[in-house]
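Sequence order for the protein chains is C and V.
Per our numbering, the first sequence runs over residues 1 to 307.
Per our numbering, the second sequence runs over residues 1 to 289.
We put the CB at the ideal spot given by N, CA and C, even for glycine.
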Amino acid sequence: MFDDYTVTILIMMAVWSIVTLGLNVITGFAGQFNLGIGVYMGTGAYVSAMLTTQAGFGFWSAMPLAIVAAAMMGALTGLPALRVREDSLAVLTIGLVFVFESLLVYLPYFGGPVGISRIPRATFAGVPLTNNGYLVIALLALAAAIGICWYVKRSWLGLALESVREDEHATSVIGIYPARFKLYAFTIGAALAGLGGVIYTHFIRFISPYDFGFMPSIYVLVMLVFGGIGTIRGAVFGACLLTMLPELIRFVQDYRNLMYGCVLVLLMLYQPRGLLGSDSFVWLQLLRAKNSLRLFFTNGRSYAQNS
Amino acid sequence: MSGAVISQQIVNALALGSVYAMIAVGLAMIYGVLRILHIAHAGVYAAGAYLGLYFFKVTDNFFIALVLSMLITGVLGALIERFIYRPMLPKPRIVALIASIGLFICLSDLFRIIAGPYQMAFDYPALSGQVTMSGLSVPRVDFAIIGGTAAIFGLLWFIMQKTNIGFGIRAVAQDIETAKVMGINVDRSIQAVFFLSSAIAAFGAIMVSVLYNAVYTNMGDMIGYKGLALIVIGGFGSLPGAALAAFLLGFAETIFTTYSDVPLSREGIAMFMLVLLILFRPQGLLGKA
Chain C
1 MFDDYTVTIL
11 IMMAVWSIVT
21 LGLNVITGFA
31 GQFNLGIGVY
41 MGTGAYVSAM
51 LTTQAGFGFW
61 SAMPLAIVAA
71 AMMGALTGLP
81 ALRVREDSLA
91 VLTIGLVFVF
101 ESLLVYLPYF
111 GGPVGISRIP
121 RATFAGVPLT
131 NNGYLVIALL
141 ALAAAIGICW
151 YVKRSWLGLA
161 LESVREDEHA
171 TSVIGIYPAR
181 FKLYAFTIGA
191 ALAGLGGVIY
201 THFIRFISPY
211 DFGFMPSIYV
221 LVMLVFGGIG
231 TIRGAVFGAC
241 LLTMLPELIR
251 FVQDYRNLMY
261 GCVLVLLMLY
271 QPRGLLGSDS
281 FVWLQLLRAK
291 NSLRLFFTNG
301 RSYAQNS
Chain V
1 MSGAVISQQI
11 VNALALGSVY
21 AMIAVGLAMI
31 YGVLRILHIA
41 HAGVYAAGAY
51 LGLYFFKVTD
61 NFFIALVLSM
71 LITGVLGALI
81 ERFIYRPMLP
91 KPRIVALIAS
101 IGLFICLSDL
111 FRIIAGPYQM
121 AFDYPALSGQ
131 VTMSGLSVPR
141 VDFAIIGGTA
151 AIFGLLWFIM
161 QKTNIGFGIR
171 AVAQDIETAK
181 VMGINVDRSI
191 QAVFFLSSAI
201 AAFGAIMVSV
211 LYNAVYTNMG
221 DMIGYKGLAL
231 IVIGGFGSLP
241 GAALAAFLLG
251 FAETIFTTYS
261 DVPLSREGIA
271 MFMLVLLILF
281 RPQGLLGKA
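Dropping the structure here:
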């Protein structure tokens with residue numbers, strides 16, 4: 001279908017999209033700062049890697065356990081997060097990701113600084129999958145993640161999360177207990193990030209603690225903010241674009257961090273809602289284009305008259 | 001374990017704590033007036049070290065280099081406030097935080113492009129080497145760090161308590177709107193805070209580069225993250241709290257790395273302290289609930 005290089009980029013785009021969607025549930029929907037999404041991605045990746053290399057599990061039986069483990073990690077780290085807000089929470093999550101990384105490095109049980117290697121390929125019906133086959137699994141996982149996010153956003157849970165984000169006091173006054181919904185957000189977001197970690201692990205097949213440290217967590221945040229925080233399309237768009245860009249333009253690869261940093265600062269100065277966020281310039285233009293297209297095809301009658 | 005070893009460790013811990021305190025107090029001052037987490041302080045810190053090294057090579061005079069670097073880094077900090085943070089103040093809190101992260105990523109890559117990815121030596125013979133007295137062997141620069149920190153904090157205390165600028169800063173930290181109504185030049189006070197904290201960071205950075213004889217692109221990273229952890233541990237916006245937390249961390253790191261084999265890196269200790277403290281005392285050591 002595609003050559004290996006293209007497939008690799010596509011799979012990485014799917015992986016980072018899933019993780020960014022996870023962060024979007026925590027930071028975008030529920031408004032809880034999190035600079036340590038790597039903890040959850042790493043939990044999913046490490047649990048799956050340990051189960052398949054040491055306990056003889058297969059890809060399919062290890063995946064649900066890894067996702068549950070990541071969700072539990074989310075609930076566990078969500079507990080201290082209930083006590084603090086905003087800035088303290090941002091610093092706390094930085095702290096958590098460093099503790100997580102240094103525990104993985106210093107405990108020989110987890111392979112220490114060299115990490116875990118020789119992780120088996122994913123199989124389907126007993127046959128190891130090729131890269132093309134794995135791409136299908138990655139895309140299915142991405143579709144599932146998008147579906148979950150869409151459901152969360154549309155359901156009453158999404159409404160409750162949004163009200164927690166906008167005003168915690170008012171939320172508790174109308175009978176929604178903010179702590180509970182913050183925990184839900186952490187659990188769902190962590191489970192999604194864990195799913196991303198599982199997909200990542202069985203594709204790269206070699207993981208080290210530094211793959212899930214502070215800088216990768218920051219990159220995920222950059223992707224989310226770049227695309228548009230709080231929106232599903234923004235999360236997927238940001239993750240895909242920023243994964244693809246360094247591959248497309250060699251120049252960008254050498255100055256990747258400089259460019260990321262400048263773009264982030266400029267975006268925050270002029271388009272704080274990201275490229276495809278709710279009332280960003282590009283999104284408004286797209287909506288306007290859609291409207292004029294509709295008018296064009298309905299011979300200038302407005303949508304209301306047409307229906 | 002002899003008394004000499006213990007006093008040696010105490011000097012080490014004090015010097016380490018002093019460096020942390022310089023960063024943490026700067027961050028706490030900035031948080032105090034603007035309520036933002038200035039993650040890019042790590043980049044400002046590295047800029048101070050690079051500027052100091054540059055001026056030291058050009059002028060060959062350590063003190064001129066130190067003063068020039070502190071002044072220019074201070075101006076750099078004030079410029080960051082003027083052109084990046086000030087337009088963002090009315091927007092949601094996460095905007096300034098993410099811009100700060102972006103600036104931080106940008107700065108450390110800028111140093112790599114300008115100065116090269118390799119570690120550079122900062123060799124100042126008058127401060128390098130060890131002092132040996134009665135069985136005690138301590139890096140000479142440790143004394144410069146401790147003395148310099150005492151002098152800087154004394155000066156900072158004087159500025160904050162006895163001058164008009166300090167009065168303005170304290171007023172702005174309490175309530176920006178009321179300060180403005182009372183006729184205080186809010187913008188000038190905020191600029192002064194950024195200038196002071198960046199200059200202090202430059203001093204700390206130059207001292208650390210002499211201590212380890214190294215200037216490199218991401219030298220500020222770890223100390224910057226620890227500084228953020230320290231202002232949370234100390235209680236947000238509390239300067240004595242930040243300084244106290246910094247010295248506690250200096251001692252904790254010295255003790256843990258010397259006498260125990262807990263499975264935590266030096267970085268892990270500060271962050272572990274942070275997580276534990278937030279669980280039991282979310283308002284910080286000296287913060288008000």
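Checklist entry - Looking only at DSSP bridge pairs, what is F124 of chain C linked to? => result Its beta-bridge partners are C:V127.
Item to check | S137 of chain V - DSSP class collapsed to helix/strand/coil | outcome: The answer is strand: DSSP assigns S137 of chain V an E or B state.
Checklist entry - So, helix, strand or coil for M120 of chain V, using DSSP? => result strand
Item to check | G315 of chain C classed as buried or exposed, judged by whether at least 16 other C-beta atoms fall within 10 angstroms | outcome: The structure shown does not extend to residue 315 of chain C, since chain C is modelled only from 1 to 307, so the question has no answer here.
Checklist entry - Run through DSSP, which three-state label would Q9 of chain V get? => result helix
Item to check | Neighbourhood of L107 of chain V by C-beta distance below 6 Å, restricted to the same chain and skipping five residues each side | outcome: G43
Item to check | Under 8 Å by beta carbon: chain V residues contacting V99 of chain C | outcome: L264, G268, M271, F272 and V275
Next on the checklist: Counting only Cβ-Cβ distances shorter than 7 Å, please list the residues of the region 74-95 of chain C near chain V, keeping chain order.
Outcome noted: P80, R83, V84, E86, D87, S88, A90, V91, L92, I94 and G95
Next on the checklist: When you compare the CB positions of A70 of chain C and T93 of chain C, do they come within less than 8 Å of one another, or not?
Outcome noted: no
Checklist entry - Out of curiosity, what's the CA-to-CA distance linking K91 of chain V and L140 of chain C? => result 37 Å
Item to check | Assumed close pair D109 of chain V, N257 of chain C - CB separation to whole angstroms, cut-off 8 Å | outcome: 4 Å
Checklist entry - Mind pulling the chain A residues with CB within less than 9 Å of M88 of chain V? => result Absent from the structure: chain A. Protein chains present are C and V.
Item to check | Three-state secondary structure (DSSP) of Q130 of chain V | outcome: strand
Checklist entry - When you check each C-beta in the region 23-35 of chain C against every C-beta of chain V, which residues fall closer than 9 Å? => result T27, G31, F33 and L35
Checklist entry - From S209 of chain V to G3 of chain V, what distance separates their C-alpha atoms? => result 29 Å
Item to check | G313 of chain V: contacting residues in chain C (beta-carbon distance under 8 Å) | outcome: Outside the modelled stretch of chain V, which goes from 1 to 289, sits residue 313 of chain V, for which no answer is possible.
Checklist entry - Where does T6 of chain C land, buried or exposed, given buried means 16+ other C-beta within 10 angstroms? => result exposed
Next on the checklist: Short of 9 Å Cβ to Cβ, which residues in the region 109-123 of chain V face chain C?
Outcome noted: D109, L110, R112 and I113
Next on the checklist: Beta-carbon within less than 7 Å of I231 of chain V's beta-carbon, same chain only, minus the 5 sequence neighbours each way: which residues are those?
Outcome noted: A24, L27, A28, Y31 and A242
Checklist entry - In angstroms, rounded to a whole number, what distance separates the CA positions of V91 of chain C and A229 of chain V? => result Each residue's Cα considered, the two are about 6 Å apart.
Checklist entry - Comparing alpha-carbon positions, which option in V:G52, V:A121, V:L136 and V:L155 lies nearest V11 of chain V? => result V:L136
Checklist entry - I223 of chain V by DSSP, collapsed to three states: which one? => result helix
Checklist entry - Roughly how many angstroms lie between the CA atoms of A324 of chain V and S7 of chain V, to the nearest whole one? => result Past the edges of chain V, shown from 1 to 289, lies residue 324 of chain V, and the structure says nothing about it.
Item to check | Extent of the continuous alpha helix (DSSP H) run through T163 of chain V | outcome: Annotation for T163 of chain V: no alpha helix (DSSP H) segment contains it, and DSSP assigns it neither H nor E.
Checklist entry - Does at least one heavy atom of the ligand SAM sit under 7 Å from the Cβ of F195 of chain V? => result No copy of the ligand SAM appears in this structure; indeed no ligand is present at all.
Checklist entry - Are the C-beta atoms of A99 of chain V and some chain C residue less than 8 Å apart? => result yes
Checklist entry - Can you tell me where the alpha helix (DSSP H) with V63 of chain C in it begins and where it stops? => result Checking the displayed sequence, the identity of residue 63 of chain C turns out to be Met instead of Val. Residues F59 to A81.
Next on the checklist: Can you confirm whether L79 of chain V, when its beta carbon is compared against all beta carbons of chain C, has any partner nearer than 8 Å?
Outcome noted: no
Next on the checklist: List, in chain order, every chain V residue whose beta-carbon is nearer than 8 Å to that of I218 of chain C.
Outcome noted: I101 and I105
Next on the checklist: Just to make sure I have the definition right: I need the residues of chain V whose C-beta is within less than 7 Å of the C-beta of Y184 of chain C. Which are they?
Outcome noted: Per Cβ cutoff of 7 Å: no residues; Y184 of chain C is ~20 Å from chain V at best.
Checklist entry - Who are the near neighbours of S307 of chain C in its chain, counting only those whose CB is closer than 7 Å to its CB and skipping five residues on each side? => result Only weak support is given to the placement of S307 of chain C: the predicted model assigns it a pLDDT of 43, under 50, and the value that follows is read from those uncertain coordinates. Within the same chain, S307 of chain C has no close Cβ partners at all.
Checklist entry - Are the C-beta of L279 of chain V and some C-beta of chain C separated by less than 8 Å? => result yes
Checklist entry - Would L228 of chain V count as contacting chain C if we go by Cβ distances under 8 Å? => result yes
Checklist entry - Going straight from the alpha carbon of P209 of chain C to that of S265 of chain V, what length do you get? => result 13 Å
Item to check | Beta-carbon proximity check, I84 of chain V vs A99 of chain V, cutoff 8 Å | outcome: Contact: yes.
Checklist entry - Got a sec: is the Cβ-Cβ distance from S117 of chain C to anything in chain V below 8 Å? => result no
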